[in-house]
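Take 117 as the starting number for the sequence shown in the working numbering and just add one per residue.
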Amino acid sequence: MSRSWVQISAGRGPVEVRRFVARLAERMEALCRERGLAVVDVTVHGDEGAPASVEILVEGDARRWLEGEVGTHALIEKSADRGRAARKRWFAGVAIHPAGADAGAGAREGVGVDLRDIEISACLAGGPGGQHVNRTRSAVRVHHRPSGITVRVADERSQRANVRRGVERIAERLAERAARRAAEGEAARWSEHDRIVRGEPVRTYRVGRKRELEVAEAR
117 MSRSWVQISA GRGPVEVRRF VARLAERMEA LCRERGLAVV DVTVHGDEGA PASVEILVEG
177 DARRWLEGEV GTHALIEKSA DRGRAARKRW FAGVAIHPAG ADAGAGAREG VGVDLRDIEI
237 SACLAGGPGG QHVNRTRSAV RVHHRPSGIT VRVADERSQR ANVRRGVERI AERLAERAAR
297 RAAEGEAARW SEHDRIVRGE PVRTYRVGRK RELEVAEAR
């Protein structure tokens, strides 16, 4: 089955945009599951509450099922950190890229990841709205301090197995990051971090009473 990265990026936007990216990533993850795509893992680049970008690795035909989501997303919300005259419209980008082959055996075994750089915490598998059925504490969040990469894993039934899988995933992400930065063909993918077209967003949101995103307009 084909794999793809669903990338949600703040570009060079300020902290308000990065907070929007965190909310939008939750919505996109839930949408992937609702549309039958298998979410393999979620990689956060930066602070979980305000990341520069989030990448969701999915199995299935992402381009088909998320066709209407690719492009610019806008949030209408005044910033509490700015004056009354400040802008209240923030933009983030959603892109889909094919995922390369798995990193080699060394990455799968966690080689190159110093466990002293890893922080592990238990979490509930699932997202907003209670859509997901796994409510055990076997799900884990594995954070790699030097790179800022955080992976949530709930594939396995035991917490220990999920921790091992999380470390493997971080090793894979680090190996992929090094390889794609060196590869000429990956330049287009990373340019998505900076290239956000602010006109004609595919979705426009407002923040609901429970602080969740509500679609206000769709193209």
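Ideal Cβ positions, reconstructed from N, Cα and C, are used throughout, including at glycine. If you're wondering where the values come from, they're calculated on a predicted model, not measured in any experiment.
Around G324, the same chain offers E330 as residues with beta carbons nearer than 8 Å, after the five sequence neighbours per side are excluded. According to the DSSP secondary-structure assignment, Q123 is paired through a beta bridge with E171, A211. For A138 and G176, the gap between their C-alpha atoms comes out near 23 Å.
A138 sits in a helix when the DSSP states are folded into three classes. When DSSP states are grouped into helix, strand and coil, E292 belongs to the helix group. I172 is positioned such that its CB atom lies closer than 7 Å to that of V122. In the three-state DSSP reduction, L231 falls in the helix class (H, G or I). Excluding five sequence positions before and after M117, the CB atoms of its chain that fall closer than 7 Å to its own CB belong to E175, G176, given in chain order.
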